[in-house]
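Student: Got a structure for you, written out below as C-alpha cells; questions coming shortly.
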Amino acid sequence: MSRRVPAPPAPEGSHLPSPPSAGTSQAVLLRTRKLVKVYRADGVTVEAVRGVDIELVSGEFVAIMGPSGSGKSTLLHVLGGLEPATSGEIWLRGQRVDGLSTAGWAILRRRHVGFVFQFFNLLSNMTVADNVELPALLAGATPRQARRRREELLAELGIADKAGVAPARLSGGEQQRVALARALANEPSLLLADEPTGNLDSSNTRDVLRLLRQAHDRGQAILMVTHDARVASLADRVINLFDGMVADDARIVPVPRVNGVRSVMELRG
Amino acid sequence: MRQPLLALLAKEPAHGYELKLALEQTFGEAYPSPNIGQIYVTLKRLEQDGLVRSQDVEQTTRPNKRVYELTAMGREALRAWVKEPSDGPRIRDEFFIKLILAPMAGLADRMELMNSQRRHYLGIMRNLAELHADTDASDTTARLLIEGAMLHLQADLDWLERCLEELV
Numbered sequence: 010m011s012r013r014v015p016a017p018p019a020p021e022g023s024h025l026p027s028p029p030s031a032g033t034s035q036a037v038l039l040r041t042r043k044l045v046k047v048y049r050a051d052g053v054t055v056e057a058v059r060g061v062d063i064e065l066v067s068g069e070f071v072a073i074m075g076p077s078g079s080g081k082s083t084l085l086h087v088l089g090g091l092e093p094a095t096s097g098e099i100w101l102r103g104q105r106v107d108g109l110s111t112a113g114w115a116i117l118r119r120r121h122v123g124f125v126f127q128f129f130n131l132l133s134n135m136t137v138a139d140n141v142e143l144p145a146l147l148a149g150a151t152p153r154q155a156r157r158r159r160e161e162l163l164a165e166l167g168i169a170d171k172a173g174v175a176p177a178r179l180s181g182g183e184q185q186r187v188a189l190a191r192a193l194a195n196e197p198s199l200l201l202a203d204e205p206t207g208n209l210d211s212s213n214t215r216d217v218l219r220l221l222r223q224a225h226d227r228g229q230a231i232l233m234v235t236h237d238a239r240v241a242s243l244a245d246r247v248i249n250l251f252d253g254m255v256a257d258d259a260r261i262v263p264v265p266r267v268n269g270v271r272s273v274m275e276l277r278g
Numbered sequence: 020m021r022q023p024l025l026a027l028l029a030k031e032p033a034h035g036y037e038l039k040l041a042l043e044q045t046f047g048e049a050y051p052s053p054n055i056g057q058i059y060v061t062l063k064r065l066e067q068d069g070l071v072r073s074q075d076v077e078q079t080t081r082p083n084k085r086v087y088e089l090t091a092m093g094r095e096a097l098r099a100w101v102k103e104p105s106d107g108p109r110i111r112d113e114f115f116i117k118l119i120l121a122p123m124a125g126l127a128d129r130m131e132l133m134n135s136q137r138r139h140y141l142g143i144m145r146n147l148a149e150l151h152a153d154t155d156a157s158d159t160t161a162r163l164l165i166e167g168a169m170l171h172l173q174a175d176l177d178w179l180e181r182c183l184e185e186l187v
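Encoded structure:
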C-alpha cells in the first residue's frame, strides 16, 4: 500500500519570487504566483482567489480542501483555463500560460490537462466510445489510434461492455469512469479533478478512488478538489484553502501503526 | 466488558477461555482483543453481583474448569442494557479547550493549532483508508467499525472547518 511520494515544496521557499526553477531534482509541473481571481457582477466584487502560490511536481497527487466558498473550485477552473485569471502567473511545464487565449487554452488542455467534474459532463448525444475517442481525435490521433486507446482505457476501467451505450443509461459511478477515461485519453501531464466523488455513493467512491490511485501509481499527476477527507487522505499532500488563500500545505503523514486495526480503533476511542 | 460477557452467556454457559475465543470470533480484528485475566476478573465481579453463577466441572486429564451461566437477574440486567439507548461519541473537547485557551495564554496561534490538528486527522484517515482496503471483504464487522471511525473523523474535520470560520 505504501507508495513513493515526491517531496513537497519547501514550506518557506514558496514565498521567494523566483521563476519556475529547472534545477530541482523533481520537475515542477505546475506553479502559480500570486494568483488572483476576482468576479465582478452588477457592482458586486467577489475575491474568490486571493494571491495563491502553489507548486506541483510531476507525478504528484495533491488534494485541495477548504470550506465551501474558500475558492477551491475557482482555483481549479482557473488552473485549467476554464476561467481567466484576474492577475498573477500560472506556469505549466515551464511555460507561462495565464495569458493564453481561449483557443490557446483549448489546445493546451487537449494535450496536457485532463478534467474530471462532479457531474461528469459527458456529451449526452454521443456514445461512451465517442466520448472517450473525441479528445484523441481532436488532438490529431488517427481514428484507429483513438479507437485502440479507447478500448484500452475502457477495459482498464472495467466498462468495456458499455462502449456503444449512451451515457445517460449508465449509473453515476460508470459515468464517472467514462469521464475519467476521457480525461486520460491523451495521457495528460496533469489531471484536474473537481469533487470527482461528490455525486457518488460510497462503493462507487471507492472504485473511482482506486482508479485515480492506479493512474497516480503509473505516474499521473493529479490535482483534486474535494471536501471529503476520506478521499483527500489518499493524496500525497493536502493544500487547505481558506478565504481564497492557502492556509496550510502539508504532506500527509500516516500515524504509525503498531498493532494494525486495533491500535487505530483504540486511537479513535 | 461486562455486557458482552453477559450477552455471550445468554446464549449458552461457557468457561472463561471459551468466552475470550467467542469475543474474538465475533468482532474479528477490528476490536481490541480481551485479555484472559480481565475476563476472569470481570466474571468474578459479575458473580458477586449475582448476575452469573458458576460451578466447577471436573475434568479427568486437566484441572477443573469453572463454567459460568447467566442468572435471572443477569438476564434482566442484559435486557435493560440492550434496550437503553447508547451515548453518542463525545465531542473532542481536549482540542477545543486548547483552541480556546492557548491563544489567550499567548501559547499558540489558532490557525497553527487547527492546521496541525487537521494534519493529524488526515494521517489517521489515511491509516483507516488503508486498513479498510486491506480488510477482507467478508469481514463485515471489521469493515463497519473502520467505516464508523472514518465517518467520525470526517465529522471532526468538518467541525474543525466550522471553528476556522468562526474563530479566525
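From first to last, the protein sequence lines are chains A and B.
In short: position in the first sequence from 1, add 9, done, that's this note's numbering.
In short: position in the second sequence from 1, add 19, done, that's this note's numbering.
For glycine and all other residues, C-beta sits at the position ideal for the given N, C-alpha and C.
1) For the region 193–209 of chain A, which residues have a beta carbon sitting closer than 9 Å to at least one beta carbon of chain B?
2) Can you find a C-beta in chain B that's less than 8 Å from the C-beta of Leu243 of chain A?
3) Does the region 69–82 of chain A come close enough to the region 109–124 of chain A that 3 or more CB-CB pairs lie under 8 Å?
4) For Asp226 of chain A, tell me which candidate among A:Ala244, A:Ser212, A:Asp210 and A:Arg49 has the shortest Cα-Cα distance.
5) Would you report the Cα separation of Pro265 of chain A and Leu176 of chain B, rounded to the nearest angstrom?
6) Three or more C-beta pairs under 8 Å: does that hold for the region 128–140 of chain A against the region 165–176 of chain A?
7) So that I know if they touch, is there some Cβ in chain B lying closer than 8 Å to that of Val359 of chain A?
8) In whole angstroms, what is the alpha-carbon distance linking Trp100 of chain B and Gln22 of chain B?
9) Does the Cβ of Leu48 of chain A have 16 or more other Cβ atoms within 10 Å, making it buried, or fewer, making it exposed?
10) Nearest chain B C-beta to Leu220 of chain A closer than 8 Å, yes or no?
11) What would DSSP say about Pro17 of chain A, mapped onto helix, strand or coil?
12) In angstroms with no decimal places, state the Cα-to-Cα distance between Ala94 of chain A and Arg153 of chain A.
13) When the Cα atoms are used, what is the spatial distance from Phe129 of chain A to Gln35 of chain A?
14) Taking 8 Å as the CB-CB cut-off, is Ala50 of chain A touching chain B?
15) Do you know how far the Cα of Val71 of chain B is from the Cα of Tyr87 of chain B?
16) Can you pull the chain B neighbours of Ala259 of chain A, defined as C-beta to C-beta under 7 Å?
17) Going by CA-CA distance only, name the one from A:Pro76, A:Arg42, A:Arg102 and A:Met74 that's closest to Val66 of chain A.
18) When the Cα atoms are used, what is the spatial distance from Ala188 of chain A to Gln44 of chain B?
19) I think Ala194 of chain A touches Val125 of chain A, with their Cβ atoms under 8 Å apart; what is that distance to the nearest whole Å?
20) Counting only C-beta atoms, is Phe251 of chain A closer than 8 Å to chain B at any point?
21) In angstroms, rounded to a whole number, what distance separates the CA positions of Gly90 of chain A and Asp107 of chain A?
22) State buried or exposed for Ser79 of chain A, treating a residue as buried only when at least 16 other CB atoms are found within 10 Å of its CB.
23) Closest Cβ-Cβ distance between Arg162 of chain B and chain A: below 8 Å?
24) As an exercise, report each continuous beta strand (DSSP E) stretch of at least 3 residues that is fully enclosed by the region 118–166 of chain A, in chain order.
25) Do Leu179 of chain B and Met133 of chain B have their beta-carbon atoms positioned less than 8 Å apart in this structure?
26) So the candidates are A:Arg120, A:Ser77, A:Pro263 and A:Arg40; which of them puts its Cα closest to the Cα of Pro144 of chain A?
27) Would you mind reading off the limits of the beta strand (DSSP E) that contains Ile165 of chain B?
28) Are Leu200 of chain A and Ala230 of chain A close, meaning C-beta to C-beta below 8 Å?
29) Would you give the residue range spanned by the beta strand (DSSP E) that Asp216 of chain A belongs to?
30) Within 10 angstroms of its Cβ, does Ala43 of chain A collect 16 or more other Cβ (buried), or is it exposed?
31) Counting only runs of 4+ residues fully inside the region 229–258 of chain A, write out the alpha helix (DSSP H) ranges in chain order.
32) Taking C-beta to C-beta, are Asp203 of chain A and Gln127 of chain A nearer than 8 Å?
33) Can you have a look at Leu186 of chain B and say buried or exposed, based on whether 16 or more other CB atoms are within 10 angstroms of its CB?
34) Determine the chain A residues that contact Glu113 of chain B at a beta-carbon separation under 9 Å, and present them in chain order.
35) Excluding sequence positions up to five away, which residues of its chain have a Cβ less than 7 Å from the Cβ of Leu38 of chain B?
36) So, helix, strand or coil for Ile168 of chain A, using DSSP?
Tutor: On the basis of the data shown:
1) none
2) yes
3) no
4) A:Ala244
5) 20 Å
6) yes
7) Given a span of 10 to 278 for chain A in the structure shown, any question on residue 359 of chain A remains unanswerable.
8) 8 Å
9) A quick correction: the sequence has Tyr, not Leu, at residue 48 of chain A. Burial call: exposed.
10) no
11) Summary for Pro17 of chain A: the model assigns pLDDT 46, below 50, so the residue's position carries little reliability; its value from the coordinates is reported in the next sentence. Pro17 of chain A falls in the coil class under three-state DSSP.
12) 38 Å
13) 32 Å
14) no
15) 6 Å
16) Arg138
17) A:Arg102
18) 43 Å
19) So it is not a contact: roughly 12 Å between Cβ atoms.
20) yes
21) 8 Å
22) buried
23) no
24) 122–125
25) yes
26) A:Arg120
27) Ile165 of chain B -> not in any beta strand (DSSP E); alpha helix (DSSP H) instead, spanning Thr159 to Leu186.
28) yes
29) Here Asp216 of chain A belongs to no beta strand (DSSP E); instead the alpha helix (DSSP H) covers Ser211 to Asp226.
30) It is Lys, not Ala, that sits at residue 43 of chain A in the sequence shown. Exposed is the call here.
31) 238–241
32) yes
33) exposed
34) Going along chain A, no residue has its Cβ under 9 Å from Glu113 of chain B, so there is no contact; the nearest lies around 11 Å.
35) Leu24, Leu27 and Ile58
36) coil
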